[in-house]
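Note that this note's numbering has the sequence shown beginning at 82, numbered continuously upward.
For glycine and all other residues, C-beta sits at the position ideal for the given N, C-alpha and C.
Working notes, beginning with the structure itself.
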Amino acid sequence: MSYGHIYVAQVSMGAIQQQFLKAIQEAESYNGPSIVIAYSPCINHGIKKGMSKSQTEMKLATECGYWPIFRYNPLLEKEGKNPLQLDSKEPKWELYQDYLMGETRYMTLKKTNPNEANDLFEKNMFDAQRRWRQYKRLASLDYSDEKR
Numbered sequence: 082m083s084y085g086h087i088y089v090a091q092v093s094m095g096a097i098q099q100q101f102l103k104a105i106q107e108a109e110s111y112n113g114p115s116i117v118i119a120y121s122p123c124i125n126h127g128i129k130k131g132m133s134k135s136q137t138e139m140k141l142a143t144e145c146g147y148w149p150i151f152r153y154n155p156l157l158e159k160e161g162k163n164p165l166q167l168d169s170k171e172p173k174w175e176l177y178q179d180y181l182m183g184e185t186r187y188m189t190l191k192k193t194n195p196n197e198a199n200d201l202f203e204k205n206m207f208d209a210q211r212r213w214r215q216y217k218r219l220a221s222l223d224y225s226d227e228k229r
């Protein structure tokens with residue numbers, strides 16, 4: 082996104098399917114480089130509810146702020162609009178630990194080294210909150226004077 086001429090989207094099919102489809106369509110039709118970064122749970126994540134609930138896990142990852150979804154479309158800047166569109170709602174940070182504990186990869190650390198796990202989980206959420214605030218700042222910038 083810092084280059085300004087690349088279409089970038091962060092998606093999660095289980096969070097908002099329409100956003101996922103729109104991002105794929107926009108990326109495909111963009112006349113230039115595009116990248117779509119998708120959250121995709123895998124068996125190694127160790128979803129406690131099972132892989133059949135991966136769509137639910139994707140939704141929770143977005144709702145809690147672990148995986149915000151957005152689209153950065155450079156074409157919008159030419160229209161005087163902000164190219165960064167945040168498609169996530171304000172995260173429900175109170176769900177963050179629930180998300181982490183729903184996956185074996187995080188739960189195992191909690192069982193083997195609870196003090197270290199708590200410290201790392203706190204840092205993990207702090208980083209997610211920092212990223213969210215940064216995305217919000219970028220999404221609030223005024224591009225009306227950039228119209229071409």
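- Item | Short Cβ contact (8 Å threshold) for residue 213 with residue 172 | Contact flag set, yes.
- Query: For residue 99, does the count of other Cβ atoms within 10 angstroms reach 16, so buried, or fall short, so exposed?
  - Reply: Note on residue 99: under 16 other CB atoms within 10 angstroms of its CB, so exposed under the neighbour-count rule.
- Item | Pairwise C-alpha distance: residue 90 and residue 84 | Computed Cα separation, rounded: 14 Å.
- Query: Are residue 143 and residue 169 close, meaning C-beta to C-beta below 8 Å?
  - Reply: It is a contact, given that the beta carbons lie within the stated cut-off.
- Item | Buried or exposed by the 16-neighbour rule on C-beta atoms within 10 Å, applied to residue 211 | Exposed: under 16 other Cβ atoms inside 10 Å.
- So which of 177, 221, 222 has the shortest CA-CA distance to residue 203? Cα-wise, what sits closest to residue 203 is 177.
- Task: Use the C-beta contact count for residue 138: other C-beta atoms within 10 angstroms, 16 or more gives buried, fewer gives exposed.
- Result: Burial call: buried.
- Item | C-alpha gap between residue 82 and residue 224, whole angstroms | Linking residue 82 to residue 224 through their CA atoms gives a straight-line distance of about 15 Å.
- Leaving out five residues on either side along the sequence, give the residues of the same chain with a beta carbon under 8 Å from the beta carbon of residue 201. The residues are 190.
- Query: Per DSSP, what kind of secondary structure is residue 105 in: helix, strand or coil?
  - Reply: Three-state DSSP puts residue 105 in a helix.
- Query: Just curious, the alpha helix (DSSP H) that residue 96 is in, first and last residue?
  - Reply: Unbroken run through residue 96: none, as it is neither H nor E.
- Query: residue 184 bridges to which residues according to DSSP?
  - Reply: DSSP lists 128 as partners of residue 184.
- Query: CA-CA distance, residue 222 and residue 205?
  - Reply: Computed Cα separation, rounded: 27 Å.
- Which partner residues does residue 116 have in the DSSP bridge list? Per the DSSP secondary-structure output, residue 116 pairs in a beta bridge with 89.
- Item | DSSP three-state assignment for residue 219, whether helix, strand or coil | Three-state DSSP puts residue 219 in a helix.
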